[in-house]
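K.L.:
Let me begin by handing over the structure; questions about it come next.
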Amino acid sequence: MKAKRFTAKNMQQALRMVSDELGPDAVILSNKRSGKGVEVIAALDYQEIADEQQQQELNRQLTLQQELEQAKQVTGEIRQEQPALDKLSLNQAALNQSAVSDASFDHSNVSTTAALKEALIGIKEGTIAQSKALDAVMLGEEEFQETIAQQASNLSQDEATPFFNKVSDELKDLKNWLVSQQGNAWNPTRPLSWQQAQIWQRCQDLGIDPSWADKLVSALPEDDEDIEKGWAQCLRFIAEDLPLAENNMLQTGGCFAFVGPTGAGKSTTIGKLAAQYVINHGNEDIALITMDNYRIAAHDQLKAFARIMEIPLLILEPNGDLSALLDQLSDKKFILIDTAGLAIQDPHFSVQLSMLKGAGNKVKTLLALPLTSQARCLQENFEHFKPAGIEGCIFTKLDECFSLGQAMSIASVTRLPIHMVTDGPHIPDDIHFPNAEKMVRLAEQMARMAQTRWQTSEVSSAMKNNFMQHGV
């Protein structure tokens, strides 16, 4: 058997090295982690060696059987040449030898062969002691035959059981490795245990970003075999790692500008915040500002809010001075600024960005993240508005989304504190201060519901195809 040790950074690279050097018929004998990565021992002709060892044992048993047959022939010839030996002497010799045989004769292969040789030598010398040894061999013949049959039977069972156990273990290791490689594709430098890979995959089902999932899974113990326990611990890590605003903006007040793509819910969120503030603190210390001068009827919604709540609404013209306008509202404790949802390629985008930057530290810019958007869109929105000096975010449209993991990943990876979460169109009710534990539980429920929907859809599709095939 040609066995060789391979060392690589990860299991995928090690298997490639085994395949290149030993070919596709190589068998993995063992694998373990080492300081340099992964150590794999592989070999060729594993089955051939096992068959050869079994055949050698059978050949040895056959040789012993042939020696016994030859001994029987020789003893028959010698007994014919010694007719003078009476029955009484033979019986007495057999009785005397019986005690010796029971005490000292071992029916194992080595002892029987030695007894055969001793008997043959005794026969040639023609002494009574030789006859006793000969009788001892004949008395042990039946037991020897039974021993050979039993050993042959046990040989098949003893050889088969370890072999099948080893094959089963290798298949189990291969299954675990395939699962771990599925979760390990994002980080080939550090293999995952089977349990960690399962939890990593569950993070993907939640919509967690791979880089964040890497951080979460690496904090879990590698030797913990209880996946459900590890998953519960991972969910706690997610909740603890979510950045939340330290204070409720409705309680502390301040000046906030809301940026984000068109349709993200910026204006509606401003209306909810304004209504909540007026209910709790009155309408004397609040004002609204809009920078949206690029859409038809862009001001109508905010004008309606301002009229109903009897609060001032100021319109900042293009290229206007936001800092000077804020100075006019220095007596207000809570100021909300609406912006236009412009694409980055729009020429007015840079103008609006410059106006926000001109206000300096007077304004805190918050990014509206619609939870209905894909992870890539959320990441692009963050990159587009990052030059505005984003200091936090607001999750919008929670009632319309099917996954929370993407937005939570953006907040965690970029460390943007979550200030508010909106979950419906109703003003002022559908806006809340974030709770990390509730969001994580809701994210897990959404993932389970999505999985159930997919399974139901697959069953319905299969039933439909079955009906169509049978003409129903």
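One point on numbering: in our numbering, the residue at position 269 of the sequence shown is 269, and numbering is uninterrupted. Ideal placement from N, C-alpha and C gives every residue a C-beta, glycine not left out. Quantities reported herein were computed from a predicted structural model and do not represent experimental measurements.
#1: Checking 8 Å against the spacing of the C-beta atoms, do C203 and A219 come in under that value?
#2: Grouping DSSP H, G and I as helix and E and B as strand, with all else coil, what is L353?
#3: Fully enclosed by the region 380-466, which beta strand (DSSP E) runs are 3 residues long or longer?
#4: Considering only the alpha carbon of each residue, which of G389, M439, K438 and L29 lies closest to G260?
#5: Out of A14, F385 and Q406, which one is the CA nearest neighbour of L366?
#6: For A84, is the classification buried or exposed, using 16 other Cβ atoms within 10 angstroms of its Cβ as the cut-off for buried?
#7: Which same chain residues, not among the five before or five after Q233, have their C-beta less than 7 Å away from its C-beta?
#8: Taking the C-alpha atoms as reference points, what is the distance between I427 and I279?
#9: Between which two residues does the alpha helix (DSSP H) containing V278 stretch?
#10: Mind checking which residues open and close the alpha helix (DSSP H) that includes E39?
#11: Would you identify the three-state DSSP class for P162, choosing helix, strand or coil?
#12: So is E240 in contact with chain D if we call contact Cβ pairs under 8 Å?
#13: With a threshold of 16 other CB atoms inside 10 Å of the CB of P434, please say whether the residue is buried or exposed.
#14: What is the rounded straight-line gap between the Cα of E240 and the Cα of L22?
#15: Go ahead and pull the three-state DSSP assignment for I289.
#16: Would you tell me roughly how many angstroms separate the C-alpha atoms of D86 and Q70, rounded to the nearest one?
#17: With three or more beta-carbon pairs closer than 8 Å as the criterion, would you say the region 351-360 touches the region 305-319?
#18: Judging by CA-CA distance, which residue of L326, G263, S412 and Q276 is the nearest neighbour of N248?
#19: M420: which of L313, I344 and K272 sits nearest, CA to CA?
#20: First and last residue of the alpha helix (DSSP H) that includes K215?
P.N.:
Walking through what the data contain:
#1: Numbered from its first residue, the sequence shown carries residue 203 at position 203. Numbered from its first residue, the sequence shown carries residue 219 at position 219. No, the pair does not count as a contact, with Cβ atoms beyond the cut-off.
#2: Position 353 of the sequence shown, counted from the first residue, corresponds to residue 353. Residue state, collapsed to three classes: helix.
#3: 390-396 and 418-422
#4: Counted from its first residue, the sequence shown places residue 260 at position 260. G260 has its Cα closest to that of G389, out of G389, M439, K438 and L29.
#5: In the sequence shown, counting from the first residue as 1, residue 366 sits at position 366. It is F385 whose Cα lies nearest to the Cα of L366.
#6: What you label residue 84 is simply residue 84 of the sequence shown in a count that begins at 1. The predicted model places A84 with a pLDDT of 44, which falls under 50 and marks its position as unreliable, so this point remains unresolved.
#7: Position 233 of the sequence shown, counting from 1, holds the residue named residue 233. So the qualifying residues of the chain are L220.
#8: As a first step, residue 427 is located in the sequence shown; it is residue number 427 there, counting from the start. As a first step, residue 279 is located in the sequence shown; it is residue number 279 there, counting from the start. Going from the Cα of I427 to the Cα of I279 covers about 12 Å.
#9: On the sequence shown, position 278 is the one that residue 278 refers to. V278 -> alpha helix (DSSP H) spans K266 to H281.
#10: Within the sequence shown, numbered from 1, the residue matching residue 39 stands at position 39. Run containing E39: none in the alpha helix (DSSP H); it sits in the beta strand (DSSP E), G37 to L44.
#11: Your numbering for residue 162 matches position 162 in the sequence shown. Helix, per DSSP.
#12: Absence of chain D from the displayed structure is noted, only one protein chain being present.
#13: Sequence index remark: in the sequence shown, residue 434 carries index 434 (1-based). So P434 counts as buried.
#14: Taking the sequence shown and counting its residues from 1, the one referred to as residue 240 is at position 240. Taking the sequence shown and counting its residues from 1, the one referred to as residue 22 is at position 22. When rounded, the distance between both Cα atoms is 48 Å.
#15: Here the question's residue 289 lines up with position 289 in the sequence shown. I289: strand per DSSP, three-state reduction.
#16: By one-based count along the sequence shown, residue 86 stands at place 86. By one-based count along the sequence shown, residue 70 stands at place 70. Summary for D86: the model assigns pLDDT 46, below 50, so the residue's position carries little reliability; its value from the coordinates is reported in the next sentence. Rounded to whole angstroms, D86 to Q70 spans 25 Å at the Cα level.
#17: yes
#18: In the sequence shown, the residue the question calls residue 248 occupies position 248. Checked all of L326, G263, S412 and Q276; the closest Cα to N248 is Q276.
#19: Start at 1 with the first residue of the sequence shown, and residue 420 comes out as number 420. The shortest Cα separation from M420 among L313, I344 and K272 belongs to K272.
#20: Your numbering for residue 215 matches position 215 in the sequence shown. Start and end: P210 to S218.
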